[in-house]
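Residue numbers (this note's numbering): 6 to 288. Glycine included, C-beta positions come from ideal geometry on N, C-alpha and C. Predicted model only: the values in this text are computed from it and were never measured.
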Amino acid sequence: MEQINLNTNAKNTWCIGCGNFAILNAIRIVLKELIAEGTPAENFVLVSGIGCHAKIVDYININSFYSLHGRVVPVATAIKVANPSLNVICFSGDGDSYGEGLEHLLFAAKRNVDITMIIHNNRVYGLTTGQFTPTSPSGFKGRSTPYGNPEHPFNPLELMLASGASFVARGFSHGIDLLKKLFKEAILHKGFSIIDVLQVCVTFYNMYKYYDERVYEMDNHNELDFNQALVKAKEWDYNTDTKIPLGIFYRTQKPTFEANFHRLNKDVDRINGVKEILKNLNL
Ligand code: SF4
6 MEQINLNTNA KNTWCIGCGN FAILNAIRIV LKELIAEGTP AENFVLVSGI GCHAKIVDYI
66 NINSFYSLHG RVVPVATAIK VANPSLNVIC FSGDGDSYGE GLEHLLFAAK RNVDITMIIH
126 NNRVYGLTTG QFTPTSPSGF KGRSTPYGNP EHPFNPLELM LASGASFVAR GFSHGIDLLK
186 KLFKEAILHK GFSIIDVLQV CVTFYNMYKY YDERVYEMDN HNELDFNQAL VKAKEWDYNT
246 DTKIPLGIFY RTQKPTFEAN FHRLNKDVDR INGVKEILKN LNL
């Protein structure tokens, strides 16, 4: 079968060695696989926010929407509700969705909107040259915290589980095979899926050595067990020097937001239609 070419002519401006390349390569391979397996290319829509991650949509020849800072989720939700047959894949950063757009992210998880969130979590604002984000460790020294970050980071996996996300995973930009697996499973999952990718920013927060020494892929983990997922998610709190589990933490099946939305609105249309008939009959 002929492979579709997803490359574009846009010049790639990421720094050499940036973890974004692993995400780009993995998603290109997964999209090609899904297209070869029968999903038309025009059924995919990519949405990005603002930050270094956002340029990814310029580098993939698929319909896309470059949104505002922190507004990936509302744009993606609107696309999905307007046309539920589309596969909506979102790219966002830790500053973008764990900071600016956090409330949107929590509610998309709560609502179980059938979109896939790929978070480029480099734990620093790269595009604006190195400020701390919600997942930077305490004591992190950056442009806005020269004496150290006075805050404790939050754990996005714990937040997503508590908010009702139906698919929660973590990957690492030094592991393209795992990224491919996680991306494909997340896209095929019916419901809200999120993959927190430890994406290394080589220029402002180079964590390759740190992660290489600590990450491991989970085995014997029951993805269907919420409590086990929570225990695994808490194993590393984005601050302490413990081992870092990777893989799918949790998945479950439940009705999606757009399915409920259209079902309820159909009922409203039907009720309004009956009222209209009764009115016309003067009843
Ligand atoms: Fe990647 Fe960091 Fe360079 Fe941005 S600043 S392209 S995140 S290495």
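- Query: Taking the alpha-carbon positions, what's the residue 11 to residue 17 distance?
  - Reply: Indexing the sequence shown from 1 puts residue 11 at position 6. Indexing the sequence shown from 1 puts residue 17 at position 12. Rounded to whole angstroms, the separation of the alpha carbons of residue 17 and residue 11 is 14 Å.
- Message: Could you tell me the alpha carbon to alpha carbon distance between residue 71 and residue 53, rounded to whole angstroms?
- Response: Counted from its first residue, the sequence shown places residue 71 at position 66. Counted from its first residue, the sequence shown places residue 53 at position 48. Their backbone Cα atoms lie some 5 Å apart in a straight line.
- Query: Do you know how far the Cα of residue 98 is from the Cα of residue 58?
  - Reply: As a working mapping, residue 58 is identified with position 53 in the sequence shown. As a working mapping, residue 98 is identified with position 93 in the sequence shown. Rounded to whole angstroms, the gap between the alpha carbons of residue 58 and residue 98 is 6 Å.
- Item | residue 278: CB within 8 Å of a non-hydrogen atom of the ligand SF4 | Locating residue 278 in the sequence shown gives position 273, where the first residue counts as 1. Checking every heavy atom of the ligand SF4 against the Cβ of residue 278, none is found closer than 8 Å.
- Query: Any idea which residues DSSP pairs residue 150 with across the strands?
  - Reply: For this step, residue 150 is matched to residue 145 along the sequence shown. In the DSSP assignment, residue 150 forms a beta bridge with 147.
- Pick from 187, 129, 156, 157: whose alpha carbon is nearest that of residue 147? Stepping through the sequence shown from its first residue, residue 147 is reached at position 142. Ranking the options by Cα distance to residue 147, first place goes to 129.
- Item | Proximity of residue 197 and residue 176 at Cβ, strictly below 9 Å | Position 192 of the sequence shown holds residue 197. Position 171 of the sequence shown holds residue 176. Taking 9 Å as the Cβ cut-off, residue 197 and residue 176 do not qualify as a contacting pair.
- Message: Please output, in chain order, the residues near the ligand SF4 using a CB cut-off of less than 5 Å to any non-hydrogen atom of the ligand.
- Response: My final list is 19, 20, 23, 57, 131, 206, 207, 208.
- Apply the 10 Å Cβ neighbour rule to residue 73 and answer buried if 16 or more other Cβ atoms are within range, or exposed otherwise. Position 68 of the sequence shown holds residue 73. Residue 73 is exposed by the Cβ-count criterion.
- Backbone secondary structure at residue 250 - three-state DSSP: One-based indexing of the sequence shown puts residue 250 at position 245. Here DSSP, grouped into helix, strand and coil, assigns residue 250 to strand.
- Message: Using a Cβ-Cβ cutoff of less than 6 Å, which residues in the same chain neighbour residue 66 once the five nearest sequence positions on both sides are dropped?
- Response: Numbered from 1 along the sequence shown, position 61 holds the residue referred to as residue 66. 11, 13.
- Let me know the secondary structure DSSP gives residue 233 once reduced to three states. Residue mapping note: residue 233 aligns to position 228 of the sequence shown, counting from 1. Assigned with DSSP and collapsed to three states, residue 233 falls in helix.
- Could you tell me whether the segment 246-254 touches the segment 203-219, using the rule of 3 or more Cβ pairs below 8 Å? Segments in contact, yes.
- Which same chain residues, not among the five before or five after residue 266, have their C-beta less than 7 Å away from its C-beta? For the purposes of this step, residue 266 is taken as the residue at position 261 of the sequence shown. Closer than 7 Å at Cβ, skipping near neighbours: 86.
- Message: One question on the structure: do residue 261 and residue 62 come within less than 9 Å of each other, judged by their Cβ atoms?
- Response: One-based indexing of the sequence shown puts residue 261 at position 256. One-based indexing of the sequence shown puts residue 62 at position 57. Against a cut-off of 9 Å, the Cβ pair of residue 62 and residue 261 comes out as no contact.
- Query: What are the residues that DSSP puts in a beta bridge with residue 122?
  - Reply: As a first step, residue 122 is located in the sequence shown; it is residue number 117 there, counting from the start. Residue 122 is bridged to 95, 199.
- Message: Assuming residue 51 is part of the alpha helix (DSSP H), what are its boundary residues?
- Response: Position 46 of the sequence shown, counting from 1, holds the residue named residue 51. For residue 51, there is no enclosing alpha helix (DSSP H); the enclosing beta strand (DSSP E) has its first and last residue at 49-53.
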